[in-house]
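>
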Amino acid sequence: MAVALMCGAAIAGCKPRSMREAQTVYGLVNPGTLTVACDFASPPMNFYDNSGAPRGFEYELLQTVADRLGLKVKYIEDTSVKDIPAALNEHKADMGASAIVVSDVGTVSDGVIIGRPYMAVGRDLIIARDAERTDLDDYNDPSVTIAVDAESASENWVRNRLPKAQIAQVKTADEGLVGVTEGTYSAAVYDDVTASYLLSGTYSNLMVANHVHNAGQYCFVYPEGSATLRDDIDQVMQDLESEGYIDSLETKWFGSVLD
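When we follow full-length UniProt numbering, the leftmost residue of the sequence shown carries the number 1, and every step to the right adds one.
Shown next as structure tokens:
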């Protein structure tokens, strides 16, 4: 998995900064702490387990990244992807990490800058195994309701590819898949890493009816003016890739190293 850019010149090798230095260079919301906006609604990237504890690939990755930078991590939880740019612009968070696809967020013109994409993902149309409709075009129909994360890349894909279908905006992948299971929704559309993770466990009664390969790329996002923080995090991720940590994390959460 390819990640990363060059690290800021003042932090050769991305060694941990002192709290004072980090605050001066990064302009953090909370001194000595990396404040992250996240919805915790996209397993296995970020989610709450049955005890209510945060878990996931991105969650563990950022804990390690922050440690390398000599920072603690604090989350602004339940921040939807569509609300992350506002949280960044209002200086409520230093970065957004929520299984964000590049096209989910704005550009520098919206006060947001994007880190280097670190994972390619596909997109899956999920249906019940006993569904009468099985072809993708069968779902381009006004009688069909498709669950998606609100204002996400998946919603944009449905609007463009299946414009006649009705759209139901949901808050979490579980909400959408429960709806498909119970017949409330005809289908749901999610990134393939989320679909694979959930369908292999809780939702074995569902299946992928259509897969789009390389439909998007995951990235972290930052407020304009945070290029040093972005570049330092990109560099730490490159270091972790070289050390084999990313591969081990992928194996833990996805079952194998991703292509």
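Note that CB positions come from ideal geometry on N, CA and C, so glycine has one too.
A quick note: this is a predicted structure, and the numbers were derived from the prediction, not measured.
Please say whether glycine 122 and valine 221 have beta carbons closer to each other than 8 Å?
no
> Buried or exposed, going by whether 16 or more other CB atoms sit within 10 Å of the CB of serine 204?
exposed
> Roughly how many angstroms separate the alpha carbons of leucine 240 and threonine 64, rounded to a whole number?
9 Å
> Going by beta carbon distance, what residues of the same chain come within less than 8 Å of lysine 74, once the five residues before and after it are set aside?
The residues are Asn30, Thr33, Leu34, Thr35 and Val36.
> The beta strand (DSSP E) spanning alanine 93 covers which residue range?
Unbroken run through alanine 93: none, as it is neither H nor E.
> What are the boundary residues of the beta strand (DSSP E) that proline 223 is part of?
Per DSSP, the unbroken beta strand (DSSP E) holding proline 223 starts and ends at 206–223.
> I need the straight-line Cα distance from leucine 229 to valine 148, nearest angstrom please.
Straight-line Cα distance between these residues: approximately 32 Å.
> Taking C-beta to C-beta, are alanine 187 and isoleucine 246 nearer than 8 Å?
no
> Return the residue from the list Asp138, Val105 and Lys72 that minimises the CA-CA distance to alanine 87.
Taking only the C-alpha atoms, the option nearest alanine 87 is Val105.
> Taking only the alpha-carbon atoms, compute the straight-line gap between methionine 6 and serine 143 and give it to the nearest angstrom.
Confidence at methionine 6 is low in this model, with a pLDDT of 35, below 50, so its placement is unreliable and no value can be given for it.
> Using CA atoms only, rank isn't needed, just tell me which of Arg68, Met45, Asn50 and Tyr185 is closest to phenylalanine 57.
Met45
> Taking the straight line between their C-alpha atoms, what separation do you get for threonine 251 and valine 193?
12 Å
> For threonine 134, which residues of its own chain have a beta-carbon under 8 Å away from its beta-carbon, when the five flanking residues on both sides are left out?
Ile127 and Ala209
> Label aspartate 39 either buried or exposed according to how many other C-beta atoms from any shown protein chain fall within 10 Å of its C-beta, with 16 as the threshold for buried.
buried
> Taking the alpha carbon of tyrosine 26 as the point to measure from, which residue in Asn50, Ser226 and Gln235 has its own alpha carbon closest?
Ser226
> Taking a contact to mean a Cβ-Cβ separation below 8 Å, would you say proline 43 touches leucine 198 in this structure?
The answer is yes: Cβ separation under 8 Å.
> Taking all protein chains shown into account, decide if alanine 53 is buried (16 or more other Cβ within 10 angstroms of its Cβ) or exposed.
By the 10 Å Cβ count, alanine 53 comes out exposed.
> Taking just the CA atoms, how far does aspartate 49 sit from glycine 183?
Glycine 183 and aspartate 49 have their C-alpha atoms some 25 Å from each other.
> Can the beta-carbon of asparagine 140 be found less than 8 Å from the beta-carbon of lysine 171?
For asparagine 140 and lysine 171, no; Cβs fall outside 8 Å.
> If you draw a straight line from the alpha carbon of serine 103 to that of glycine 216, how long is it in whole angstroms?
8 Å
> Could you give the DSSP three-state label for leucine 248: helix, strand or coil?
Residue identity differs from the one stated: residue 248 is serine in this sequence, not leucine. The answer is helix: DSSP assigns serine 248 an H, G or I state.
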